[in-house]
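Novice:
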Amino acid sequence: MAKPIALECRGITKTFGRVVANKNCDLEVYKGEILAILGENGSGKTTLMNMVAGIYYPDEGQIFVDGQEVTIASPKDAFAYKIGMIHQHFKLVDVFTACENIALGVEDEGRYRLADVRRKVIEITQRYGFVIDPDKRVADMSVSEKQTVEIIKVLYRGADVLILDEPTAVLTPQETDKLFAVLRRMREDNKSVIIITHKLHEVLSLSDRVAVLRRGEHIGTVNTADATEGVLTEMMMGVKVELSIERSEPKNPQERLKVEDLHSVNEEGRPILDGVSFTAYSGEILGIAGIAGSGQRELLESIAGLHQLTQGNITYQDPKTGKTENLRDKNPLQIRDLGVRLSFVPEDRLGMGLVGNMDIVDNMMLRSYQKGRGFFLHRREPRDLALNIIEDLQVVTPSAATPVRQLSGGNVQKVLVGREIAAAPTVLMAAYPVRGLDVNASYTIYNLLNRQKEKGVAVIFVGEDLDVLMELCDRILVINAGRVTGIVDGRTARKEEIGLLMTKSKEEGVGEYGEK
Amino acid sequence: MENMAKSEKKNTPLLHIVKRDQGTVTWYYKLIVRAVAILAAILVSGILITILAKANPIEVYGSMVDGVFGSSRRIWNMLQGVAMLLCVSLAVTPAFKMKFWNIGAEGQVLISGLACVATMMFLGDTMPTALLLVVMTVVSVLAGMIWALLPALFKAYWNTNETLFTLMMNYVATQLVAWFLKAFVKNGSGVLTPMPEYGLPVIGGKAYLLNVLLVAVLTIAVYVYLRYSKHGYEISVVGESENTARYIGINVKKVVVRTMLISGAICGIAGLLLVGGTNHTISTTTVGGRGFTAIMVSWLAKFNPLYMVLTSFLLIFLEMGSQQISTDFRISSSIADIVTGIILLFIIGCEFFLQYRVVVSKNRKENVK
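Pasting the structure below:
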C-alpha cells in the first residue's frame, strides 16, 4: 500500500557556532502514519523538527510538502503548509480559557465570534476523543489538559502534519495511554503524526515507522514491526549498550534523616507540602516519584533550608557522634555550621546549583569560598578541585577557566555533582540529575550515586523516568499533591502501581499545583 | 495551494543571523571589530560635519584633539574630568554588578557635597585644619551612605523598585541644596561664595593632582575588592543568581545593604572631592549629570574598574572635544552632541558583531540558478 508522502526533508544541515545540530538529514512522512523520531538528548531531533515548523531556518537542504519544494521561514509559513508543532514548553495564556487560547492568533476572514470557535473546538474534540472543557481557564488546568489545548490549537488551524516534541515527558502512564489513543485516531483520519521521543517502549507501542538520529545525523528509518529494543538502541548509541544499572543491597542501613509531617504553603496560601513524612537510611537510595510539580522540589529545598515550613520536623542523625540535630528553620549556612554534611544537586543547575557566567574554578568555590581566614579569596584549593573533577569525571571543557554556561548539559551536571560529592556528604539529595543528559552521561551520574550509596551515604533521588527509578532505587516514595501516597520497594514494585499512586487523589485538585 | 507554494518560494531570506560560539571569538577579532567601529564612526560623523557645518572634518577632528590635549591646562582639566567621572562610576559599579540598578549616584554625590559644604561653612572656624579635613571626610562619606542606605533597606526588606527609589532620592537631594542656598546665603543671590580656605590641600602645586591620585588609588581598590575579596565574590553571585546565593547560604539582604553602603561611601568621596577639593562651594548642578554618565561608563566597561579608566576618558574626550569644535567653528553645540551620539552608537552597536554573525543563505543562491 503506497501512501502519498506528506512531508519530506532532503539534506538538511544546521549549525550553531561550533555545534553541528543536524547534518545532511533526509526524512519523509507519509499521510496517515505515525512516525517516531528517536534519538538521545542532543541528537538533533527537536532542531530538525523546529526547521520544519519554521522556528529555525536550515543552513542547507530542502523541504517538500506534498511534493512541492517550499520555504518555511516562520511558524506562519509552516501553518500555511498545514504543519503544526506542539512544543515541550507550552505557549498558552494563563488567564484565557481553552477556546480563547485556541482562537488566539488565527487570522480568519470576518468577525471573531467565540461561539463559532467553541463549536469548532467541540467538533474537533469529539472527532478525536479529547476530553477537555473548552471554557476552563488555562491557569486551572493540569499539565495534561494544557497539552490537549495545544494539540487542539494545531488541529484548529487545519494542520495535516502534527509534530509532538516529547509529549509524554510530563504525563503519567495513564495519561500517556489516552494521548496515544488520540494520536491513533488522527492516523485513521489520514493525518501525519511525528512524535519526538527517546523512550523506546513508546516508539514500539505507537509508531508505524521509526527514524533514528544520532549526533545530528539520520542513521536510518525502520518499520516498527521489524524493530526490537535491541536494534533501536544500537542505532541510537552506535554500539550495543547494556541498559541496566547495578544495584547492590544496602549495607548496614542506619537512620540518617527523619522527616516528620512537613507542611508548607505557597504565596497564595495553598498547601504545597501537606504532611510529608519519611526516613532516609544510610547506604540506600531513596527514590522520589511523582508528576512534575507535586512538591518534590519544595521537599528537597525544605530539607536544604531553602523553603519555609509551616509545620514539621527534620531530624538529622550524625553518623560519628550519634547526636541528632533539628534542621528545621535553619539556613544552608547554619546547617553546614552544625557539621551536617548535606549535599544538594538542585533541579535548576545553572540557576541555582551553579553560576553560568562564572568559570569552573569560581563555581567550585560556591560551597567553600568562606573557608580560610581573611578578607580575600583563596583560589588555589578550588582550582585543584576543579582540575580533579575535570580529570576524574572526564568533563569536556577547553579549560578550568571556561564559564560553565558554555559547557554542554552533561558536563555542567558533572561539574555540579562532582562539587557536591567532593564535600564528602552523609546525605546527598539530587533532583532530576539526569534530565537532558544523554545515555552515557546519565550512566556516569547513576554510577556516581551508586558509589556514594556504597560509601554509606543516604542518597535521595528525585526522578521522572519510572524505569530508572525502579532500577536504581532501593525504595521509592511516591508524592502526589504534596502528600506521600506510598513508599514501595524498588525491587518488587510494578510500574502501574506507582503510576496509580502518582495520580491517586486527583479529585483533590492536582491541577492547582501544576506548573506555573 | 500550489500557487501559494511558488510565491512563498521567493521569500527565502537573503541573510540570517546566527549566534556566535563565544569560545571561538578571539581577542584580536574583538580588537579589530572595535577599531573598525570607531573608524566608521569617525567617517560617518565626518561626512555629517562636512554636509551640515560645511567644515573640513580633518580640521574638526584636529580641533577636538586640540581641545583636550592642546595645553597643559586643558590636559589637567581633562584629567580632573576623567577622575571625577571615574570616581562616580566606581561608586555605582559594585551595585550594578549585583544587578541593583542604582541610578541615584547624582543625588548621593550631591548630598555628600552639601554635607561637606555645610561642615566648611559652620565648622570651618571652630577647629584646626587637620581636624576639619577629617570631619569633612567623615561627614561627606556618611551623607552618601545614608542616601544609598535608604533604598537598599527598602529593597532588601520590602522589595521596592530600587531604580525608582534612587531616582527620586536625586530630586530630594537637589531640593535640599536649593533650600540650603536660599536659607543660608546671606545676600539672597542664591550663589554661595567659594571657601577655598577650608578646602582640601593642594599638592605639588597642581589643583587637581590630589583628586587624580586619590581616584587612581580608589580604582585599584575597587578592582581588587570586586575581583579578589570574599565580598566581591558574594556580589557576583547575588548579581548572577539570587537563587544560587540562597542555595549556598549567602544572606542576600546583608550583601545588598553592605554593597550599597560601599557604593554610597564612594559617592561620598566623590562629593568631598568635588566640593571640598575642587569647587569649594555648591549649587544644584555641581554634580553635572555625572551620576548618569557614570552608568554608561560602567556598562561600556562591563563593570571592570580598569576598563572604566578608558571609557571615562572616551566620554570626557568627546565632551571636551565637542565643546572645542563648537567654539572653533561656531557650529551649534548640538552638532557636537550629534557627533558624540554617533560615536557611542557605533561603539555600542559593534557588540552585535561580537555576539552574532550574519550568514548569506546558501539556499537562495541555489534557487536563483
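Line by line, the protein sequences give chains A and B.
Under numbering that gives the first Met the number 0, the final residue of the first sequence carries the number 515; numbering is consecutive throughout.
Under numbering that gives the first Met the number 0, the final residue of the second sequence carries the number 368; numbering is consecutive throughout.
All C-beta atoms in this analysis are idealised placements derived from N, C-alpha and C, irrespective of residue type, glycine included.
Since the structure is predicted, the reported quantities are computational estimates derived from the model, not experimental observations.
1. Between A:M235, A:D473, A:C8, which has its C-alpha nearest L37 (chain A)'s C-alpha?
2. Under the assumption that R327 (chain A) contacts L308 (chain A) (Cβ atoms under 8 Å), give the Cβ distance between them as a whole number of angstroms.
3. Alpha carbon to alpha carbon, what distance is there between R246 (chain A) and K239 (chain A)?
4. Quick one: does Y29 (chain A) have its CB under 8 Å from some CB of chain B?
5. Identify each residue in the stretch 423-457 of chain A for which the Cβ-Cβ distance to at least one residue of chain B is less than 8 Å, and report them in chain order.
6. Evaluate the contact criterion for the stretch 171-191 of chain A versus the stretch 483-502 of chain A: three or more CB pairs, one atom per stretch, below 8 Å.
7. By the 10 Å Cβ neighbour count, where 16 or more other Cβ atoms means buried, how is G106 (chain B) classified, buried or exposed?
8. Within its chain, find whatever has a CB closer than 7 Å to the CB of N251 (chain A); leave out the 5 residues flanking it on each side and keep chain order.
9. Can you give me the start and stop residues for the alpha helix (DSSP H) that V43 (chain B) sits inside?
10. Can you check whether the CB of I287 (chain A) is closer than 8 Å to the CB of F95 (chain A)?
11. Shortest alpha-carbon distance to V589 (chain A) belongs to which of A:G229, A:R156, A:D93, A:E267?
12. Using DSSP with H/G/I as helix, E/B as strand and the rest coil, what is E233 (chain A)?
13. Could you tell me which chain A residues have their CB closer than 7 Å to the CB of I247 (chain B), listed as they occur along the chain?
14. Anything in chain A within Cβ reach of H15 (chain B), meaning under 7 Å, just list it in chain order.
15. Among the candidates B:G340, B:R356, B:I337, B:T292, whose CA atom is the shortest distance from the CA of M91 (chain B)?
16. Below 7 Å on C-beta distance, what does P345 (chain A) contact in chain B?
17. Give me the Cα-Cα distance between K185 (chain B) and S311 (chain B), rounded to the nearest whole angstrom.
18. Along chain A, in chain order, which residues have C-beta atoms closer than 8 Å to that of Y227 (chain B)?
19. Answer with buried or exposed for F183 (chain B), where buried requires no fewer than 16 other C-beta atoms within 10 angstroms of its C-beta.
20. For the 8 Å Cβ check, are there 3 or more pairs between the stretch 355-369 of chain A and the stretch 401-410 of chain A?
21. Go through its chain and collect everything with a Cβ distance to M84 (chain A)'s Cβ below 6 Å, but skip five positions before and after it.
22. Give the range of the beta strand (DSSP E) segment to which D497 (chain A) is assigned.
23. Report all residues from its chain with a CB closer than 8 Å to the CB of D391 (chain A); omit the five preceding and five following residues, and keep chain order.
24. Along chain A, which residues have their Cβ under 8 Å away from the Cβ of E239 (chain B)?
25. Helix or strand or just coil, what does DSSP make of Q253 (chain A)?
26. Could you have a look at L261 (chain A) and say whether DSSP puts it in helix, strand or coil?
27. Using the DSSP secondary-structure output, state which residues sit across from D65 (chain A) in a beta bridge.
28. Just to confirm, are L415 (chain A) and L465 (chain A) a CB contact at a threshold of 8 Å?
29. So P93 (chain B) and I247 (chain B) are supposed to be a Cβ contact under 8 Å. How far apart are they, rounded?
30. When you compare the CB positions of L85 (chain B) and T218 (chain B), do they come within less than 8 Å of one another, or not?
31. Check the DSSP bridge columns for V160 (chain A) and list the partner residues they point to.
32. Residue range of the alpha helix (DSSP H) that T310 (chain B) falls in?
33. Does the separation of the CB atoms of V28 (chain A) and L47 (chain A) fall below 8 Å?
34. Which chain B residues are close to G350 (chain A), counting only those with a beta carbon under 8 Å from its beta carbon?
35. On the criterion of 16 or more Cβ atoms from any shown chain inside 10 Å, does L14 (chain B) qualify as buried, or is it exposed?
36. Would you say L305 (chain A) faces chain B, with C-beta separation under 8 Å as the test?
Specialist: In brief:
1. Taking the first residue of the first sequence as 1, we reach residue 37 (chain A) at position 38. Checked all of A:M235, A:D473, A:C8; the closest Cα to L37 (chain A) is A:M235.
2. For the purposes of this step, residue 327 (chain A) is identified with residue 328 of the first sequence, where counting begins at 1. For the purposes of this step, residue 308 (chain A) is identified with residue 309 of the first sequence, where counting begins at 1. Their Cβ separation, rounded to whole angstroms, is 6 Å, which keeps R327 (chain A) and L308 (chain A) in contact under 8 Å.
3. As a working note, residue 239 (chain A) is residue 240 in the first sequence. As a working note, residue 246 (chain A) is residue 247 in the first sequence. At K239 (chain A) the pLDDT is 49, less than 50, meaning the model places this residue with poor confidence and gives no usable figure here.
4. For the purposes of this step, residue 29 (chain A) is taken as the residue at position 30 of the first sequence. Closer than 8 Å: no.
5. Under the 8 Å Cβ criterion, the stretch 423-457 of chain A contributes no residue.
6. Contact holds: three or more Cβ-Cβ distances are below 8 Å.
7. Numbered from 1 along the second sequence, position 107 holds the residue referred to as residue 106 (chain B). Buried: at least 16 other Cβ atoms inside 10 Å.
8. On the first sequence, residue 251 (chain A) is found 252 positions in, with the first residue counted as 1. G282.
9. Counted from its first residue, the second sequence places residue 43 (chain B) at position 44. Looking at the DSSP string, the run of the alpha helix (DSSP H) that includes V43 (chain B) is 26-52.
10. If you number the first sequence from 1, residue 95 (chain A) lands on position 96. If you number the first sequence from 1, residue 287 (chain A) lands on position 288. No, Cβ-Cβ distance for F95 (chain A) and I287 (chain A) is not below 8 Å.
11. In this structure chain A extends from 0 to 515, so residue 589 (chain A) is not present and cannot be described.
12. As a working mapping, residue 233 (chain A) is identified with position 234 in the first sequence. E233 (chain A): helix per DSSP, three-state reduction.
13. The residue given as residue 247 (chain B) occupies position 248 in the second sequence. Those are P331, L365, R366, listed as they occur along chain A.
14. Here residue 15 (chain B) corresponds to residue number 16 of the second sequence, with the count starting at 1. Going along chain A in sequence order, the residues near H15 (chain B) (Cβ under 7 Å) are Y56.
15. On the second sequence, residue 91 (chain B) is found 92 positions in, with the first residue counted as 1. According to the sequence shown, residue 91 (chain B) is Val rather than Met. Ranking the options by Cα distance to V91 (chain B), first place goes to B:T292.
16. Locating residue 345 (chain A) in the first sequence gives position 346, where the first residue counts as 1. Ordered by position in chain B, the residues that pass the 7 Å Cβ test against P345 (chain A) are Y246.
17. The sequence position of residue 185 (chain B) within the second sequence is 186, counting from 1. The sequence position of residue 311 (chain B) within the second sequence is 312, counting from 1. The straight-line gap from Cα to Cα measures roughly 38 Å.
18. As a working mapping, residue 227 (chain B) is identified with position 228 in the second sequence. Near Y227 (chain B) (Cβ distances below 8 Å), the residues of chain A are F375, L376.
19. Residue 183 (chain B) sits at position 184 when you count from the first residue of the second sequence. Looking at its Cβ environment, which holds fewer than 16 other Cβ atoms inside 10 Å, F183 (chain B) is exposed.
20. Proximity of the stretch 355-369 of chain A to the stretch 401-410 of chain A meets the contact definition, three or more beta-carbon pairs being nearer than 8 Å.
21. In the first sequence, counting from the first residue as 1, residue 84 (chain A) sits at position 85. Hits under 6 Å: A52, I162.
22. As a first step, residue 497 (chain A) is located in the first sequence; it is residue number 498 there, counting from the start. Correcting the residue type first, residue 497 (chain A) is Ile in the shown sequence and not Asp. Here I497 (chain A) belongs to no beta strand (DSSP E); instead the alpha helix (DSSP H) covers 494-502.
23. By one-based count along the first sequence, residue 391 (chain A) stands at place 392. G417.
24. Working through the second sequence from its first residue, we reach residue 239 (chain B) at position 240. Here the neighbours are V354, G355, N356, M357.
25. Position 254 of the first sequence holds residue 253 (chain A). Coil.
26. The count along the first sequence starts at 1 and reaches residue 261 (chain A) at position 262. If DSSP states are grouped into helix, strand and coil, L261 (chain A) belongs with the strands.
27. To locate residue 65 (chain A), count along the first sequence from 1; it is residue 66. Looking at the DSSP assignment, D65 (chain A) forms no beta bridge with any residue, so it has no partner.
28. Translated into the one-based positions of the first sequence, residue 415 (chain A) becomes position 416. Translated into the one-based positions of the first sequence, residue 465 (chain A) becomes position 466. Going by C-beta atoms, L415 (chain A) is not nearer than 8 Å to L465 (chain A).
29. Here residue 93 (chain B) is taken as the residue at index 94 of the second sequence, counted from 1. Here residue 247 (chain B) is taken as the residue at index 248 of the second sequence, counted from 1. 20 Å between Cβ atoms; not a contact.
30. Sequence index remark: in the second sequence, residue 85 (chain B) carries index 86 (1-based). Sequence index remark: in the second sequence, residue 218 (chain B) carries index 219 (1-based). Their beta carbons are under 8 Å apart, which means L85 (chain B) touches T218 (chain B) by this criterion.
31. Here residue 160 (chain A) corresponds to residue number 161 of the first sequence, with the count starting at 1. According to DSSP, residue pairing for V160 (chain A) in a beta bridge involves A:I82, A:S191.
32. Along the second sequence, one-based indexing puts residue 310 (chain B) at 311. Run containing T310 (chain B): 304-328, per the alpha helix (DSSP H) assignment.
33. Translated into the one-based positions of the first sequence, residue 28 (chain A) becomes position 29. Translated into the one-based positions of the first sequence, residue 47 (chain A) becomes position 48. The answer is no: Cβ separation not under 8 Å.
34. Position 351 of the first sequence, counting from 1, holds the residue named residue 350 (chain A). The answer, in chain order, is S240, N242, T243.
35. Locating residue 14 (chain B) in the second sequence gives position 15, counting from the first residue. Its Cβ having fewer than 16 others within 10 Å, L14 (chain B) is exposed.
36. Mapped onto the first sequence, residue 305 (chain A) falls at position 306. Output row for L305 (chain A): interface = yes.
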